[in-house]
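Reading through the structure tokens given below for one structure.
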């Protein structure tokens, strides 16, 4: 088994290259609650290479969403920088294609109009975006639901629509914030394979937050394990399995062993707190 | 149709029972017509068509609609300004609330003194009663924009105007309409009060005239017309709401 585990802080050869699609470098962030200061992120660093699917797994409440808000420019880090293709984009909005934890579809827009929203925001005429969105929905198995309003769609279909909206964003890097956490186990598995197929078709750079180890291993090229609060990267795991991947992978001994290892690591981390 | 009827018959029965009790009370206790006419008497008077009543009704309707449009527009603009400038909102919000504690009935005569007997003082009265529910409801709706959707829009790099027109405004629409519905009934009341104070036509004027003549039955006819006008206004708003807010599952069911 060839596995590349790097120790946090050690200089990764890939990270030093200026071509990484997204790089978080030493991100530190504290929140002030009355008089006590809570440190949420402590020198967190990670990189996403172009066309790479990267995941962050970590205990809940470890500041994963805060990290996304910093990458998305909603919050400014106390220290550290966000870089894209080598240029500093810290605090800039509109640089990532974001998929929030809840689908957050606009209830007054049909599924189709929700999907094409990012194109509208970037100033594309609605008619042109409509054709593109329709093709995408067909590819995603959502044809026939173009004119349905979100409240008539099932949870899984809402998530698919929200993912397509992210896919329609012109920004190169997609940031998915626990995209399947609100779904039941069966739908979740279904969605993981759907996402795998959708992503393997055009391989955008992805950074996904999850607390589901199997999901992270199945989908990702690289998995970052996050520590407890204040969060930093504990471990970087290069996932060795070849693509395209299928459901059969879930039962391979190598997959199970890796899953067990991460699970132990996370349990140890939880016990520390 | 069946479902619709299910919702309608209980209030209809309640009103019929009430009218029946009223008719019986007037009959049994021999109440004089000029104190309290019976429902049948009022209906007879309404059917006989008191002179000029349609004209008065039309005048009130015109005044109500004009005042409602101006009043709600003022309310909406105030909401927009205060939403965009939170500092100003903190400063002016208490004053808005205080403005509602000034009794319209006391203010109306002053407005007549200042602005004469034309349309203007009456429009001002209606605006004063209409703007508040609209402003408060719109501000509330705008302030309660879904946090996740807002984060999404900002991370997507949406500008101030895009955020407003594509998220905040549609999100605030249902709330805005609940304010509009209140303003719709208030506008009829405002118009009638305006006509009481100084006018030579309209239902309010007609009501004052009949009151001085102790034609209680005609006063009741006027009351019925005011109620119907209010219902008409609310109906118009509900219709508009259903046209504009189609994503709401409940309203969609009804329109299909």
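Chains as they are written, first to last, in this note's numbering: chain A, 1 to 273; chain B, 274 to 529. Ideal Cβ positions, reconstructed from N, Cα and C, are used throughout, including at glycine.
### Task
Would you mind telling me which residues of chain A sit closer than 7 Å to residue 422(B), beta carbon to beta carbon, in chain order?
Stepping through the second chain from its first residue, residue 422(B) is reached at position 149. Below the 7 Å Cβ cutoff, chain A contributes 104 and 106 as neighbours of residue 422(B), in chain order.
#### Entry: Nearest-angstrom beta carbon gap, residue 352(B) and residue 411(B) [assumed within contact, 8 Å]
Taking the second chain and counting its residues from 1, the one referred to as residue 411(B) is at position 138. Taking the second chain and counting its residues from 1, the one referred to as residue 352(B) is at position 79. Their Cβ separation, rounded to whole angstroms, is 4 Å, which keeps residue 411(B) and residue 352(B) in contact under 8 Å.
### Message
With a threshold of 8 Å between beta carbons, is residue 413(B) in contact with chain A?
### Response
As a working mapping, residue 413(B) is identified with position 140 in the second chain. Cβ-Cβ to chain A under 8 Å: no for residue 413(B).
### Query
For residue 302(B), is the classification buried or exposed, using 16 other Cβ atoms within 10 angstroms of its Cβ as the cut-off for buried?
Looking up residue 302(B) in the second chain gives position 29. Classification of residue 302(B): exposed, given that the 10 Å Cβ count is below 16.
### Query
Would you say residue 72(A) reaches chain B, if we count a Cβ-Cβ gap shorter than 8 Å as a contact?
If you number the first chain from 1, residue 72(A) lands on position 72. True, the Cβ-Cβ gap to chain B drops below 8 Å.
### Query
Any idea what DSSP makes of residue 168(A), helix, strand or coil?
What you label residue 168(A) is simply residue 168 of the first chain in a count that begins at 1. Of the three classes helix, strand and coil, the one that applies to residue 168(A) here is coil, per DSSP.
### Task
Classify residue 16(A) as helix, strand or coil using the three-state DSSP reduction.
The residue given as residue 16(A) occupies position 16 in the first chain. Residue confidence is low: residue 16(A) scores 49 on pLDDT, short of 50, so the model does not pin down where it sits. Its coordinate-derived value is still stated next. In this structure, residue 16(A) counts as helix in the three-state DSSP scheme.
### Query
Helix, strand or coil: which one does DSSP assign to residue 354(B)?
Your numbering for residue 354(B) matches position 81 in the second chain. In this structure, residue 354(B) counts as helix in the three-state DSSP scheme.
### Query
Since residue 425(B) meets chain A, which of its residues come closer than 7 Å, beta carbon to beta carbon?
Position 152 of the second chain, counting from 1, holds the residue named residue 425(B). Neighbours of residue 425(B) on chain A, chain order: 98, 100 and 104.
### Identity of the residues DSSP links to residue 23(A) by a beta bridge
Residue 23(A) sits at position 23 when you count from the first residue of the first chain. Paired residue(s): 47(A) and 83(A).
### Query
Which of helix, strand or coil does DSSP assign to residue 42(A)?
Mapped onto the first chain, residue 42(A) falls at position 42. In this structure, residue 42(A) counts as strand in the three-state DSSP scheme.
#### Entry: Where the beta strand (DSSP E) containing residue 206(A) begins and where it ends
Position 206 of the first chain, counted from the first residue, corresponds to residue 206(A). For residue 206(A), the enclosing beta strand (DSSP E) stretches over residues 205-210.
### Exposed unless 16 or more other CB atoms sit within 10 angstroms - verdict on residue 528(B)
Position 255 of the second chain, counted from the first residue, corresponds to residue 528(B). Unreliable placement is indicated for residue 528(B), whose pLDDT of 38 sits below 50; no coordinate value is reported for it.
### C-alpha gap between residue 357(B) and residue 308(B), whole angstroms
Position 84 of the second chain, counted from the start, is the residue given in the question as residue 357(B). Position 35 of the second chain, counted from the start, is the residue given in the question as residue 308(B). Going by the C-alpha atoms only, they are around 54 Å apart.
### Query
residue 520(B) versus chain A: which residues are under 9 Å apart at the beta carbon?
Here residue 520(B) corresponds to residue number 247 of the second chain, with the count starting at 1. The CB of residue 520(B) comes closer than 9 Å to the CB of 106, 107, 108, 109, 110, 149, 150 and 151 in chain A, given here in chain order.
### Task
State the start and end residues of the unbroken beta strand (DSSP E) segment that holds residue 97(A).
Sequence index remark: in the first chain, residue 97(A) carries index 97 (1-based). That run of the beta strand (DSSP E) goes 97-99.
### Query
Around the C-beta of residue 260(A), are 16 or more other C-beta atoms found within 10 angstroms, so that it is buried, or is it exposed?
Sequence index remark: in the first chain, residue 260(A) carries index 260 (1-based). Counting the other Cβ atoms within 10 Å of the Cβ of residue 260(A) gives fewer than 16, which makes it exposed.
### Task
Give the C-beta separation of residue 64(A) and residue 58(A) to the nearest angstrom, bearing in mind that I take them to be a contact with Cβ-Cβ under 8 Å.
Taking the first residue of the first chain as 1, we reach residue 64(A) at position 64. Taking the first residue of the first chain as 1, we reach residue 58(A) at position 58. The beta carbons of residue 64(A) and residue 58(A) sit about 6 Å from each other, so the pair counts as a contact at 8 Å.
### Query
residue 394(B) to residue 470(B), Cα distance in whole Å?
By one-based count along the second chain, residue 394(B) stands at place 121. By one-based count along the second chain, residue 470(B) stands at place 197. Between residue 394(B) and residue 470(B), the C-alpha separation is close to 10 Å.
### Query
CA-CA distance, residue 348(B) and residue 485(B)?
As a position in the second chain, residue 348(B) is number 75, starting the count at 1. As a position in the second chain, residue 485(B) is number 212, starting the count at 1. Rounded to whole angstroms, residue 348(B) and residue 485(B) show a C-alpha spacing of 36 Å.
### Message
In whole angstroms, give me the CA-to-CA distance for residue 20(A) and residue 48(A).
### Response
In the first chain, residue 20(A) corresponds to position 20, counting from 1. In the first chain, residue 48(A) corresponds to position 48, counting from 1. For the pair residue 20(A) and residue 48(A), the Cα-to-Cα distance works out to about 6 Å.
### Query
Beta carbon of residue 288(A), beta carbon of residue 140(A): below 8 Å?
The question about residue 288(A) has no answer, for chain A in this structure spans 1 to 273.
### Query
Given that a residue counts as buried once 16 or more other Cβ atoms are within 10 Å of its Cβ, and exposed if not, what is residue 215(A)?
Residue numbering aside, residue 215(A) sits at position 215 when the first chain is read from its first letter. Buried, since its Cβ has 16 or more Cβ neighbours within 10 Å.
### Message
I need the boundaries of the alpha helix (DSSP H) containing residue 126(A), first residue and last residue.
### Response
Working through the first chain from its first residue, we reach residue 126(A) at position 126. Taken as a continuous stretch (DSSP letters only), the alpha helix (DSSP H) holding residue 126(A) covers 126-139.
### Message
Check this for me: beta carbons of residue 369(B) and residue 408(B), under 8 Å apart or not?
### Response
Residue mapping note: residue 369(B) aligns to position 96 of the second chain, counting from 1. Residue mapping note: residue 408(B) aligns to position 135 of the second chain, counting from 1. With contacts defined by Cβ atoms closer than 8 Å, residue 369(B) and residue 408(B) form a contacting pair.
### Task
Check the Cβ of residue 121(A) against every Cβ in chain B and list those closer than 9 Å, keeping chain order.
As a position in the first chain, residue 121(A) is number 121, starting the count at 1. For a Cβ distance threshold of 9 Å, residue set 426, 429, 430, 431, 432, 435 and 439 of chain B lies close to residue 121(A), ordered along the chain.
### Query
Which parts of the stretch 424-496 of chain B are runs of the beta strand (DSSP E), unbroken and 3 residues or longer, counting only runs that do not cross its ends?
Entirely contained in the stretch 424-496 of chain B, not one beta strand (DSSP E) run reaches 3 residues.
### Task
Give the secondary structure of residue 53(A) by DSSP, where H, G and I count as helix, E and B as strand, and everything else as coil.
The residue given as residue 53(A) occupies position 53 in the first chain. In this structure, residue 53(A) counts as strand in the three-state DSSP scheme.
### Task
For chain C, find out if any of its Cβ atoms is closer than 8 Å to the Cβ of residue 230(A); answer yes or no.
Absence of chain C from the displayed structure is noted, the protein chains being A and B.
#### Entry: residue 126(A) at chain B interface by Cβ criterion, 8 Å
Residue numbering aside, residue 126(A) sits at position 126 when the first chain is read from its first letter. No, its Cβ sits nowhere closer than 8 Å to a Cβ of chain B.
### Query
Beta-carbon of residue 169(A) versus every beta-carbon of chain B: anything under 8 Å?
Counting from 1 along the first chain, the entry for residue 169(A) is found at position 169. So, interface residue.
### Message
Among 450(B), 503(B), 280(B) and 421(B), whose alpha-carbon lies nearest the alpha-carbon of residue 267(B)?
### Response
Outside the shown range of chain B, which is 274 to 529, sits residue 267(B), and nothing can be said about it.
#### Entry: One or two residues paired with residue 32(A) in a DSSP bridge
Mapped onto the first chain, residue 32(A) falls at position 32. Per DSSP, 37(A).
### Task
Could you pull the start and end residues of the alpha helix (DSSP H) that residue 402(B) belongs to?
Numbered from 1 along the second chain, position 129 holds the residue referred to as residue 402(B). Counting along the chain, the unbroken alpha helix (DSSP H) around residue 402(B) starts and ends at 392-416.
### Task
Would you identify the three-state DSSP class for residue 231(A), choosing helix, strand or coil?
Within the first chain, numbered from 1, the residue matching residue 231(A) stands at position 231. The three-state secondary structure of residue 231(A), taken from DSSP, is strand.
### Message
Would you call the stretch 88-107 of chain A in contact with the stretch 237-247 of chain A, where contact means no fewer than 3 C-beta pairs closer than 8 Å?
### Response
No, the stretch 88-107 of chain A is not in contact with the stretch 237-247 of chain A.
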